[in-house]
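Engineer:
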Amino acid sequence: MNKKIITTVLLFILIFTLGCGAKKESKVLYIYNWDYYIPEEILTEFEKNFNVKIEYITFSSNEEMYENILKNSNFDIVFPSGDIIPMMIKKDLLEKLDRTKIPNFRHINSDILKKINFDTGNKYTVPYMIGAAGIAVNTKYVKNYKKDYSIFELSEYQGKSTMLDDMREVIGAALSSFGYSVNSINEVELEEATKKLEKWDNNIAKYDSTTFGIEFSEEKYWIAQCYAENIFLELSNDMSEDVDFFIPKNGGTMYLDNMAILKLSNNKELAYKFINFIHEPQNYAKICDYLLVPSINDRANDFLKEEPLYTIDELNNCEFINYLGDDLKKYEKIWDSISKQEQD
């Protein structure tokens with residue numbers, strides 16, 4: 217996403233400035249979101265229609281976002297995944313929503329809303345996008361493989377594969393390879409997953425959620441655990457024909473990213489307008505066409521021009537990542553051991 221991306225250095229400057237009590241301009245909306253996640257034309261159109269300026273700051277993981285929000289709660293809108301939302305609600309970071317200010321909420325698919333367990337009744341959040349981490353393969357170089365996680369065990373592609381720098385996604389993939397829940401807290405199952413990760417780690421070049429799309433497009437890596445949009449937005453049309461993206465048959469993690477207004481936002485009314493603008497059916501259709509992902513806005517389906525890379529039905533074997541409370545420490549211990557192994 218090239219729209220006003222603020223580098224890590226500038227992010228810390230922003231945190232320092234806002235943390236020192238500097239008051240924001242009333243006509244500047246600070247959005248904290250994943251990279252690549254909103255087409256520039258949508259942001260530009262909102263700026264034009266509402267005579268405002270958007271400062272678009274990005275993060276690469278929920279953990280990174282959460283830590284920065286704790287340091288600086290003065291962003292206006294944030295896009296958290298479901299599993300981190302209970303922690304944010306518990307810390308009183310999110311504004312309780314007035315749904316009368318988001319009339320386009322009515323377009324969101326009712327079946328999706330019924331599956332939400334992290335914010336019952338959507339008191340604090342508005343669903344933005346559903347999807348899953350899958351696997352992208354450059355078929356010019358990788359010929360024989362099964363459409364499951366065993367692809368990370370193929371020694372002939374050692375050093376040519378990457379996985380996300382995301383604890384829950386990677387451990388969830390290992391658990392799914394055995395048919396276990398991505399939210400398992402069973403010690404035996406987690407031990408099996410750890411051994412599987414150690415095996416994969418021998419072939420993995422790196423864990424990366426930021427630059428893997430570019431490097432995959434440059435053919436530095438041939439296999440990538442990824443979000444499809446991050447890969448295909450970097451590919452030329454010709455190269456796209458050589459890339460196979462699939463959701464593993466044995467399932468995996470599924471996400472529902474959301475929009476929320478931070479409680480200490482100085483621009484709550486403008487934030488409401490932005491959230492409602494996103495779910496304007498024609499706008500939402502443009503976003504789905506840009507990302508090539510399935511729509512959760514029923515009315516937007518009438519305006520779609522592109523086929524998504526996968527359908528919601530293909531996510532049937534996938535599972536939402538849930539908030540695990542204190543049991544999350546079990547995952548952190550595994551992740552620390554894998555990260556240390558990579559450094560060695």
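So for the sequence shown, this note's numbering puts the first residue at 217; every next one is plus one. Don't be surprised by glycine CBs; every beta carbon is placed ideally from N, CA and C.
Is the separation between the beta-carbon of W416 and that of V353 shorter than 8 Å?
Structural biologist: No.
Engineer: Please name the residue, chosen from F490, L508, K465 and E523, that lies closest to I351 on a Cα-to-Cα basis.
Structural biologist: Nearest of F490, L508, K465 and E523 to I351, Cα basis: K465.
Engineer: If you scan the segment 259-295 from start to end, which runs of the beta strand (DSSP E) of 3 or more residues do you find wholly inside it?
Structural biologist: Counting only runs of 3 or more, we get 269-275.
Engineer: Express the C-alpha separation of L478 and T316 in angstroms, rounding to a whole number.
Structural biologist: For T316 and L478, the distance between alpha carbons rounds to 18 Å.
Engineer: In terms of residues, what are the limits of the alpha helix (DSSP H) holding T410?
Structural biologist: Its alpha helix (DSSP H) spans residues E403 to D417.
Engineer: Quick one: is F295 buried, meaning 16 or more other Cβ sit within 10 Å of its Cβ, or exposed?
Structural biologist: Classification for F295: buried.
Engineer: Please report the straight-line C-alpha distance between F228 and M281, rounded to a whole angstrom.
Structural biologist: For F228, the pLDDT reaches just 49, beneath the cut-off of 50, and the residue's location in the model is therefore unreliable, although a value from the coordinates is still provided. Using only the alpha carbons, I get a separation of about 13 Å.
Engineer: Give a yes or no on whether the C-beta atoms belonging to F432 and K363 are separated by under 8 Å.
Structural biologist: Not a contact, by the Cβ cut-off of 8 Å.
Engineer: Can you confirm whether the segment 437-454 touches the segment 320-334 when touching is taken to mean that 3 or more C-beta pairs between the two stretches lie within less than 8 Å?
Structural biologist: The answer is no - the segment 437-454 does not touch the segment 320-334, with fewer than three Cβ pairs under 8 Å.
Engineer: Roughly how far, in whole angstroms, is the beta-carbon of M379 from the beta-carbon of I318, given that I think they are within contact range, below 8 Å?
Structural biologist: Going by Cβ atoms, the distance from M379 to I318 rounds to 36 Å, so no, they are not a contact pair.
Engineer: When you compare the segment 288-308 with the segment 476-496, are there three or more beta-carbon pairs, one atom per stretch, that lie closer than 8 Å?
Structural biologist: Result yes; three or more Cβ-Cβ pairs closer than 8 Å.
Engineer: Does the Cβ-Cβ distance between I503 and N325 come in under 8 Å?
Structural biologist: Their beta carbons are not under 8 Å apart, which means I503 does not touch N325 by this criterion.
Engineer: My guess is that S297 and D381 are in contact by the Cβ rule of under 8 Å, so how many angstroms apart are they, rounded?
Structural biologist: In fact, because the Cβ distance is near 15 Å, the residues do not count as touching under 8 Å.
Engineer: Starting from A487 and walking both ways along the beta strand (DSSP E), at which residues does that stretch end?
Structural biologist: Where A487 is concerned, there is no enclosing beta strand (DSSP E), although the alpha helix (DSSP H) it sits in stretches over K484 to I494.
Engineer: Could you check the C-alpha separation between E283 and S555 for me, to the nearest Å?
Structural biologist: Spanning the two alpha carbons is a distance of roughly 19 Å.
Engineer: When we look at the beta-carbon of F394 and count the other beta-carbons within 10 Å, is it buried (16 or more) or exposed?
Structural biologist: F394 should be labelled exposed.
Engineer: Under three-state DSSP, which class holds I477?
Structural biologist: The answer is strand: DSSP assigns I477 an E or B state.
Engineer: Using CA coordinates, which residue listed in K243, V244 and Y248 is at the minimum distance from N474?
Structural biologist: Taking only the C-alpha atoms, the option nearest N474 is Y248.
Engineer: On the DSSP bridge assignment, give the partners of M470 in chain order.
Structural biologist: A348 and F536.
Engineer: Using a 10 Å radius around the Cβ and a threshold of 16 neighbouring Cβ atoms, would you call I430 buried or exposed?
Structural biologist: By the neighbour-count rule (16 or more Cβ atoms within 10 Å), I430 is not buried but exposed.
Engineer: Could you give the residue range of the beta strand (DSSP E) that holds Y246?
Structural biologist: Segment V244 to W250, the beta strand (DSSP E) holding Y246.
Engineer: So, is A412 buried or exposed, given that buried needs 16 or more other C-beta atoms within 10 angstroms?
Structural biologist: Reading the sequence as shown, one finds Lys at residue 412 and not Ala. It counts as buried.
Engineer: Just the C-alpha distance for N418 and I300, rounded to the nearest angstrom, thanks.
Structural biologist: Using only the alpha carbons, I get a separation of about 30 Å.
Engineer: Could you tell me which uninterrupted alpha helix (DSSP H) segments, each at least 4 residues in length, are contained entirely in the segment 303-387, listed from first to last along the chain?
Structural biologist: If we require 4 residues or more, the alpha helix (DSSP H) runs fully inside the segment 303-387 come out as 326-331.
Engineer: The alpha helix (DSSP H) spanning K465 covers which residue range?
Structural biologist: Looking at the DSSP string, K465 is not in any alpha helix (DSSP H), and its letter there is neither H nor E.
Engineer: I need the boundaries of the alpha helix (DSSP H) containing Y506, first residue and last residue.
Structural biologist: It spans P497 to L507 - the alpha helix (DSSP H) in which Y506 sits, taken as one unbroken run.
Engineer: Could you have a look at F448 and say whether DSSP puts it in helix, strand or coil?
Structural biologist: Helix.
Engineer: Under 6 Å Cβ to Cβ from K240, same chain only, skipping five residues before and after it: list those, please.
Structural biologist: The predicted model places K240 with a pLDDT of 46, which falls under 50 and marks its position as unreliable, so this point remains unresolved.
Engineer: Please say whether A476 and T341 have beta carbons closer to each other than 8 Å?
Structural biologist: Taking 8 Å as the Cβ cut-off, T341 and A476 qualify as a contacting pair.
Engineer: Rounded to whole angstroms, what is the Cα-Cα separation between E257 and H323?
Structural biologist: Each residue's Cα considered, the two are about 22 Å apart.
Engineer: Return the Cβ separation of I537 and T410 in integer angstroms, given the expectation that the two are a contact with Cβ distance under 8 Å.
Structural biologist: Actually they are not in contact, since the Cβ atoms of I537 and T410 sit about 18 Å apart, beyond 8 Å.
Engineer: Using alpha carbons as the reference points, say which of I387, V509 and D529 lies closest to K521.
Structural biologist: Answer by Cα proximity: V509.
Engineer: Determine which residues share a DSSP beta bridge with K422 and list them.
Structural biologist: In the DSSP output, where bridge partners are listed per residue, K422 has T378.
Engineer: Determine the direct distance from the alpha carbon of E548 to that of I254, and round the result to whole angstroms.
Structural biologist: Going from the Cα of I254 to the Cα of E548 covers about 30 Å.
Engineer: Suppose you measure from the CA of G237 to the CA of K287; what does that come to, to the nearest Å?
Structural biologist: Unreliable positioning characterises G237 in this predicted model, as indicated by a pLDDT of 47, which lies under 50. The coordinate reading is nonetheless provided below. For G237 and K287, the distance between alpha carbons rounds to 13 Å.
Engineer: If you draw a straight line from the C-alpha of Y357 to the C-alpha of E369, how long is it?
Structural biologist: Each residue's Cα considered, the two are about 16 Å apart.
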